[in-house]
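Structure, as structure tokens:
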């Protein structure tokens with residue numbers, strides 16, 4: 001019996017010695033797997049998106065001065081003279097739309113203040129999208145200006 005007890009103790013002792021080595025081997029196997037998953041390169045960072053394209057429409061200038069501050073002279077800013085073709089100053093934005101687009105930069109020369117200082121101010125920027133009523137008011141002024149300069153010559 002003594003022999004049997006020693007055999008059991010030796011078998012239990014050898015089993016206990018083998019168990020830690022098996023768990024150590026399992027941990028050693030797990031460690032390289034974790035390092036394989038670690039990134040070796042810096043993380044990929046996407047570039048910032050491109051800003052949106054500029055709006056092709058110029059904001060309208062819907063404010064026209066009141067009757068007492070209206071100017072007598074409306075000029076094409078590029079030439080410094082009144083627009084040559086009054087029918088081409090405003091063209092339809094779309095074939096069937098009700099908005100019009102200004103084809104030239106219109107400025108007006110006026111006199112402001114108590115000393116009537118000469119001022120050149122923007123009436124409509126080139127490419128401005130305006131309503132039909134605003135375009136009609138400006139056309140009336142351009143036609144009246146053309147009639148005055150035509151009768152003076």
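Residue numbers (the numbering used here): 1 to 153. We put the CB at the ideal spot given by N, CA and C, even for glycine. Just so it is clear, the structure is predicted and the values come from calculations on it, not from any experiment.
Using DSSP with H/G/I as helix, E/B as strand and the rest coil, what is residue i?
i	result
residue 74	strand
residue 108	strand
residue 139	helix
residue 149	helix
residue 86	helix
Quick check: what's the CA-CA separation for residue i versus residue j?
i	j	result
residue 77	residue 106	6 Å
residue 102	residue 88	9 Å
residue 132	residue 113	31 Å
residue 53	residue 115	45 Å
residue 40	residue 51	33 Å
residue 80	residue 100	23 Å
residue 92	residue 128	11 Å
residue 142	residue 135	10 Å
On the DSSP bridge assignment, give the partners of residue i in chain order.
i	result
residue 131	99
Please name the residue in the options whose C-alpha comes closest to that of residue i.
i	options	result
residue 104	95, 94, 82, 112	82
residue 119	52, 45, 74	74
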